[in-house]
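Accompanying notes for the structure given below.
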Amino acid sequence: LIRAKYDLPVFRDGTVRFDMSDVPVTHFTPKEIDVDWKRLHALGYTHDWEGKPLESDEQMLELFPQDFIVAENAADYFLRTAQFVDEVLVKFYGLQPYYNATSKDDLVGQLICALAPHTSGGVLSRIIGWADCSGGYAHPLFHAAKRRNCDGDEDA
197 LIRAKYDLPV FRDGTVRFDM SDVPVTHFTP KEIDVDWKRL HALGYTHDWE
247 GKPLESDEQM LELFPQDFIV AENAADYFLR TAQFVDEVLV KFYGLQPYYN
297 ATSKDDLVGQ LICALAPHTS GGVLSRIIGW ADCSGGYAHP LFHAAKRRNC
347 DGDEDA
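Mapping of the sequence shown onto the numbering used here: residues 197 to 352, in sequence order.
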């Protein structure tokens with residue numbers, strides 16, 4: 197019932213999944229991913245690609261291999277998933293909520309697990325922002341870690 201409340205389908209193994217096409221990227225600006233440069237600085241992005249201190253939303257940054265830029269159309273789904281997990285933690289396990297997310301901005305810095313179809317090992321990643329696309333932007337090394345070749349394949 198709780199899963200239905202958040203309109204989250206059940207995958208055959210009981211997980212919650214959202215499929216996105218693999219989009220390789222190595223550089224971005226804070227403005228492009230709808231996240232303030234100060235937030236990215238707190239996540240470890242202290243300098244731009246030229247080695248200058250990060251001080252603006254216009255500076256070009258080199259994407260860390262573990263970081264993930266989520267498709268904007270997945271933001272609501274990810275938010276509902278976090279709220280679902282929190283409610284299960286409280287109602288079934290008597291624990292405190294973990295995410296306490298009320299907007300997509302609350303998910304920046306949170307960890308996710310990415311899988312390629314027909315594999316059983318996920319690759320841990322960190323959400324750093326949102327892109328106006330239908331794919332997941334990530335470093336080529338991240339896609340390679342999932343045993344993908346960045347040719348437009350779709351992963352969960």
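Where a beta carbon is used, it is the ideal one built from N, C-alpha and C, also for glycine.
Local conformation of residue i per DSSP, three classes
i, result
"V206", "coil"
"Y333", "strand"
"R322", "strand"
"H314", "coil"
"E283", "helix"
"L197", "coil"
"P249", "strand"
"L303", "helix"
"F224", "strand"
Span of the beta strand (DSSP E) around residue i
i, result
"I265", "D263 to A267"
"V219", "M216 to P220"
Residue of the options minimising C-alpha distance to residue i
i, options, result
"F260", "W326, S321 and C329", "S321"
"D272", "W326, E251 and K248", "W326"
"D302", "A267, I323, F338 and R213", "I323"
Beta-carbon proximity check, residue i vs residue j, cutoff 9 Å
i, j, result
"Q262", "D244", "no"
"F274", "K300", "yes"
"V231", "G331", "no"
"T298", "L257", "no"
"R199", "F207", "no"
Beta-bridge partners of residue i, as assigned by DSSP
i, result
"L236", "The partner list for L236 (beta bridge, DSSP) is empty, contrary to what the question assumes."
"A327", "A267"
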